[in-house]
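Heads up: the structure comes next, in structure tokens.
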Amino acid sequence: VEDYTGHTCGNCPRAAEVMHDLELTYGSRIIPMAVHVGFFAQTQSNPDGSYSTDFRTQAGNQWNTEFGNSAQGLPNGMINRRPEGGGFPQSYTAWTAQVANLLELPPDASLAIELDYNESTRNVNVDIDVTAFNDLNSGPYNIVVCLTEDSIVDWQKDYDPSLADENLEHYVHMHALRANFNGTWGNQVGSGNLSAGSVNSVSYSLVLDTEWVDHNCNVVAFIYQTGNKEVIQADYKHLIEE
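Here it is as structure tokens:
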């Protein structure tokens with residue numbers, strides 16, 4: 032579930048609440064990611080330092096251009112990058128029903144993520160085994176590996192009428208996309224189509240920025256069909272298991 036958002040988008044906290052509810056309902060079956068894009072993610076130079084953090088990423092910007100999220104008006108998102116109703120961006124009010132329907136379907140593949148993190152060098156090594164359960168004949172398929180960060184306390188605009196001030200200094204940002212291990216669109220898995228029972232392994236590494244809190248970081252991976260961009264399977268793992 033990709034939540035396209037921005038820190039000056041006052042309606043965006045409502046989408047984050049839906050994401051939280053989905054996590055409470057489905058647990059680890061939900062793979063969350065918050066992608067800060069567009070006008071509402073721009074930084075500001077205010078005397079109090081509000082909205083000065085740049086949450087934007089190269090991959091997020093390019094996905095936003097490809098799928099047209101901010102052009103449609105935030106908040107919105109994508110569920111497995113499936114175009115419902117003629118377009119990729121989906122209103123957050125539709126996420127719950129779409130997730131429930133997709134989770135009824137049997138999986139076509141699995142991802143097994145193994146992490147090796149050095150707290151001194153802040154280097155992350157990721158090994159992933161991609162196992163196909165069925166013959167996947169609409170290839171090629173790519174894998175994308177990302178880093179997200181939870182519990183970032185920073186400014187957020189919130190239009191909730193019950194609040195005394197719409198500018199929240201201590202809002203907790205969750206699942207924020209920070210970086211990609213292997214580029215915006217990832218790398219091909221195998222040689223094209225994937226046969227049932229086949230296992231393909233990939234490895235990547237990344238050094239954490241000094242501003243990111245390693246104990247709050249997660250590795251997110253997903254494989255998708257390159258033709259229609261639909262995500263076939265996704266998984267995530269905490270960088271440091273508490």
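Numbering-wise (our numbering), the sequence shown opens with residue 32 and increments by one.
No residue lacks a Cβ here, since even glycine has one placed at the ideal position from N, Cα and C.
With distances taken between CB atoms, is the gap from VAL176 to ASN149 smaller than 8 Å?
No.
Taking just the CA atoms, how far does HIS67 sit from ARG87?
Their backbone Cα atoms lie some 5 Å apart in a straight line.
Helix, strand or coil for ASP191? Go by DSSP, reduced to three states.
In the structure shown, ASP191 sits in coil (DSSP, three-state: anything other than H, G, I, E or B).
Between the alpha carbons of PRO192 and GLY41, how many angstroms are there, rounded?
Whole-angstrom Cα-Cα distance: 11 Å.
Rounding to the nearest angstrom, what Cα-Cα distance links GLU273 and ASP245 in this structure?
C-alpha separation (whole angstroms): 12 Å.
How would you call ARG60, buried or exposed, if buried means at least 16 neighbouring beta carbons within 10 angstroms?
It counts as exposed.
With a threshold of 8 Å, are at least 3 pairs of Cβ atoms found where one atom belongs to the segment 124 to 131 and the other to the segment 47 to 57?
The segment 124 to 131 vs the segment 47 to 57: in contact.
Given a cut-off of 8 Å, decide if ALA265 and ILE62 are closer than it, judged by their beta-carbon atoms.
Yes. Within cutoff.
Where DSSP assigns a beta bridge to GLN348, which residues make up the other side?
It is not possible to answer for residue 348, since the shown part of the chain is limited to 32 through 273.
How many Å lie between TYR123 and VAL49 at the Cα?
Distance between the alpha carbons of TYR123 and VAL49: 7 Å.
Does the pairing of the segment 217 to 228 with the segment 86 to 105 give three or more beta-carbon distances under 8 Å?
The answer is no - the segment 86 to 105 does not touch the segment 217 to 228, with fewer than three Cβ pairs under 8 Å.
Assuming the contact rule is C-beta atoms closer than 8 Å, ALA65 and HIS269 should be a hit. Round their C-beta distance to whole Å, please.
Contact flag wrong, Cβ pair sits at about 16 Å.
Which one or two residues does DSSP pair with ALA140 in a beta bridge?
Per DSSP, ALA163.
Can GLU33 and GLY108 be called in contact, C-beta distance under 8 Å?
Yes; because the gap between Cβ atoms is below 8 Å, this pair is in contact.
Please classify ASP79 as buried or exposed, where buried requires at least 16 other C-beta atoms within 10 Å of its C-beta.
The residue is exposed, with fewer than 16 neighbouring Cβ atoms inside 10 Å.
Less than 6 Å between C-beta atoms, sequence neighbours within five positions excluded: which residues of the same chain meet that for PRO120?
Hits under 6 Å: ASN100, GLN103 and ASN107.
Helix, strand or coil for THR124 per DSSP?
If DSSP states are grouped into helix, strand and coil, THR124 belongs with the helices.
In angstroms, rounded to a whole number, what distance separates the CA positions of THR127 and VAL262?
Straight-line Cα distance between these residues: approximately 17 Å.
If distances are taken between C-alpha atoms only, which option among GLN93, LEU208 and TYR267 comes closest to ASP85?
Nearest of GLN93, LEU208 and TYR267 to ASP85, Cα basis: LEU208.
Could you please give the first and the last residue of the uninterrupted alpha helix (DSSP H) stretch that includes LEU53?
Start and end: 43 to 57.
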